[in-house]
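Let me begin by presenting the structure, written as structure tokens, before commenting on it.
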Amino acid sequence: MSFWKYTNPNKFMAISGTLLPGFSILTVVLISIGLIWGFFFTPDDFRMGSTVKIIYLHVPSALIAINTWFVMLIGSLIWLVRRHHVSVLISKSAAPIGLIMTIVALVTGAIWGQPMWGTFWAWDPRLTSFLILFFFYLGYIALWQSVVNHDKIADLASLLCLVGSVFAILSRYAVNFWNQGLHQGASLSLDKAENVSNVFWFPLIISIAGFLCLFVTLLLIKTRTEIRLKQLSKVLTIKKLG
Amino acid sequence: MLTLLKRDLTLAFRTGSSLTLGIAFFLILLVIIPLSLEPSKKILITIAPGIFWVGVLLACLLSLDRIFQLDIEDGTLEVLSISPLPIEGTILAKTLAHWLTTCLPLILLVPIVSILYGITKEGAIWIIISLLSGSPALSMIGAFAASLTLGLKRGGLLLSLLVLPLYIPTLIFGTEVIRKSMMGLPVTTPLVFLIAITASSIAILPILTGVAIKINLR
């Protein structure tokens, strides 16, 4: 028995079906605890006032937005090497979630930036990289929408994901080189001194866990839909031929 | 490969439209932008590096879908893909033809147009160096993106959307070379990055483009 047995669509459907309710409940619980605790039971920051609370939406969504691309990259690689349909469908389903998370991160950042930096937008490296990430997601999704032939477009989209990953990393460094930053450093890192203080830290961790569960839930739902769509289209073609 | 290159160049020169379209676009852009700003030399010099690069980039974008489109419609590409010449060779020849007919004429225009922007001789030389070392990457990346949208009838918008984020590193390092040189700072770092992008795209992207074309012809 190996890990690859889960790439069988039927196995995947069975397992994801049992996992899905658990993850959905976990998502609701964690996000409500994280956000309610964060919004109503933490003190205002002495410099930023109550605007600090947008961190509970901004940081988790930004984290998910970046890491979704890695999920897509791994899914694409597995598809190109081993041609498991589930993996490429996961990549396909992950892209819209990543796009939405990128938009949430950009919008919450802009709302926070207006009172704090005095501007909705600045051409800061982090902000610019996120805008570029947004375009990568858009291109990837648009490519998926373009052609009817599934396997062909799966190959092409995976190829784009590989090349896109290299160029996304390259853009990150190029943008860093191009402009000095306005954005603060990492809110969460292993280096304790950089971190936000404990009062903000615990609800933030819970809210990140909640967003992670939200990502998994949405991904499972979307992938299950895609698998069903594929099975359905197969049934329809067989009916048409028969 | 040479024959193929010669064929593509002849086709481009005889048709003429794609060649002149890029040049006309570039000139119009470069003339219209000073007219839309206040005509002070200081502003023009600060925006010049960006404008030159954006001009070349957009002119390049304009002709990207032509790299493969005509050849796939009349079946030439299919014949080429089963010919003894490896598909990577075909792609390199076609990309080179695209660069020679789109980017090179624009680079040759730089010395003349830079007079309009009040750029010094050294400045113009740096613009040319930066464009010469960066624009082959534009053609190569463009060829890759064009190969992804090969099967589509109207892939123009999708092609632009795919190419846009891929062009960003080249654009940033390219303009950075010119900006640094104009401020009298050392240009080594961005120039090395720019050449590295060009060299590695020419080395790697033909293979991936070949894969994409094979997928599309399947």
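Protein chains in written order, with numbering that gives the first Met the number 0: chain V, 0 to 241; chain L, 0 to 217. Positions of the beta carbon are idealized from the N, C-alpha and C atoms, including for glycine.
Contacting residues, own chain, Cβ-Cβ under 7 angstroms from residue i (five flanking each side not counted)
i: G155 of chain L; result: D64
i: L56 of chain V; result: V103, T107
i: L217 of chain V; result: I96
i: F12 of chain L; result: L18
i: T208 of chain L; result: I90, A142, F143, S146
i: A192 of chain V; result: Bear in mind that the predicted position of A192 of chain V carries a pLDDT of just 46, short of 50, making it too unreliable to give a figure here.
i: L43 of chain L; result: P33, Y116, G117
i: S159 of chain L; result: L60
8 angstroms contact criterion, which residue i and residue j should meet: CB distance rounded
i: S132 of chain L; j: L190 of chain L; result: 7 angstroms
i: F22 of chain V; j: C212 of chain V; result: 5 angstroms
i: E175 of chain L; j: F166 of chain V; result: Going by Cβ atoms, the distance from E175 of chain L to F166 of chain V rounds to 17 angstroms, so no, they are not a contact pair.
i: F214 of chain V; j: I63 of chain V; result: 5 angstroms
i: H201 of chain V; j: G163 of chain V; result: Before going further, note that residue 201 of chain V is Phe rather than His in the sequence given. That belief does not hold up - the Cβ atoms of F201 of chain V and G163 of chain V are roughly 36 angstroms apart, past 8 angstroms.
i: I131 of chain V; j: I167 of chain L; result: 6 angstroms
i: S60 of chain V; j: M115 of chain V; result: At roughly 18 angstroms, the Cβ-Cβ gap does not stay under 8 angstroms, so S60 of chain V and M115 of chain V are not in contact.
i: S92 of chain V; j: T222 of chain V; result: 5 angstroms
i: I118 of chain L; j: A47 of chain L; result: 6 angstroms
i: L142 of chain V; j: L159 of chain V; result: 6 angstroms
i: L79 of chain V; j: S157 of chain V; result: 5 angstroms
Close-in-space but distant-in-sequence residues of the same chain around residue i (CB under 6 angstroms, 5 per side omitted)
i: W111 of chain V; result: T50, I53
i: I27 of chain L; result: none
i: G150 of chain L; result: N215
i: I22 of chain L; result: P104
i: S138 of chain L; result: T94, H97, W98
i: F133 of chain V; result: T101
Same chain, Cβ closer than 8 angstroms to residue i, five either side skipped, listed in chain order
i: W120 of chain V; result: A109, G112, L126
i: L130 of chain L; result: F51, W52, V55, C102, L105, I106, V109, G173
i: L137 of chain V; result: L98
i: A123 of chain L; result: V109, P110, S113
i: I237 of chain V; result: none
i: I196 of chain L; result: G133, A136, P168, T169, F172
i: V162 of chain L; result: L60, L63, I140, G141, A144
Residue burial classification, residue i (beta-carbon count within 10 angstroms, cutoff 16)
i: G117 of chain V; result: exposed
i: E225 of chain V; result: buried
i: I81 of chain L; result: exposed
i: L189 of chain V; result: Because L189 of chain V sits at a pLDDT of 46, beneath the cut-off of 50, its placement in the model cannot be relied upon, and the following sentence gives the value as read from the coordinates. Flag for L189 of chain V reads exposed.
i: L219 of chain V; result: buried
i: G37 of chain V; result: buried
i: I24 of chain V; result: exposed
i: R81 of chain V; result: exposed
i: D154 of chain V; result: buried
i: A198 of chain L; result: exposed
i: K233 of chain V; result: exposed
i: G74 of chain L; result: exposed
i: S35 of chain L; result: exposed
i: R217 of chain L; result: exposed
Residue i beta carbon near the ligand ZN (any heavy atom closer than 7 angstroms)
i: P164 of chain L; result: In the structure shown, the ligand ZN is absent, as is every other ligand, since no ligand is present at all.
Contact list for the region 117 to 151 of chain V against chain L, Cβ threshold 7 angstroms: Of all residues in the region 117 to 151 of chain V, only I131, F134, F135, L137, G138, A141, L142, S145, V146, K151 come within less than 7 angstroms of chain L when Cβ atoms are compared, listed by chain position.
In chain order, which continuous runs of the alpha helix (DSSP H) of length 4 or greater are located wholly inside the region 39 to 107 of chain L? If we require 4 residues or more, the alpha helix (DSSP H) runs fully inside the region 39 to 107 of chain L come out as 40 to 62, 68 to 72, 75 to 80.
Mind checking the region 156 to 175 of chain L against chain V and listing, in chain order, the residues whose C-beta falls within less than 7 angstroms of any C-beta there? Flagged, chain order: L157, L160, L161, L163, P164, L165, I167, P168, I171, F172, E175.
Just list the alpha helix (DSSP H) runs in the region 146 to 186 of chain L, keeping only unbroken ones of 4 residues or longer that don't cross its boundaries, in chain order. Correct list: 155 to 181.
Taking the runs of the alpha helix (DSSP H) that are 4 residues or longer, which of them lie wholly in the region 85 to 126 of chain V? Qualifying alpha helix (DSSP H) stretches: none in this window.
Quick one: which residues of the region 198 to 213 of chain L get their C-beta closer than 8 angstroms to a C-beta of chain V? List them in chain order. Within the region 198 to 213 of chain L, the residues whose Cβ lies closer than 8 angstroms to some Cβ of chain V are L204, L207, V210, A211, listed in chain order.
Anything in the region 47 to 66 of chain L with a Cβ closer than 9 angstroms to a Cβ of chain V? List those residues in chain order, please. Flagged: no residues at all.
Residues of the region 66 to 94 of chain V with Cβ closer than 7 angstroms to any Cβ of chain L, in chain order: Identification of residues in the region 66 to 94 of chain V having a C-beta nearer than 7 angstroms to some C-beta of chain L yields an empty set.
What residues from the region 177 to 196 of chain L come within 8 angstroms of chain V, judged by C-beta to C-beta, listed N to C? Within the region 177 to 196 of chain L, the qualifying residues are T188, P189, F192, I196.
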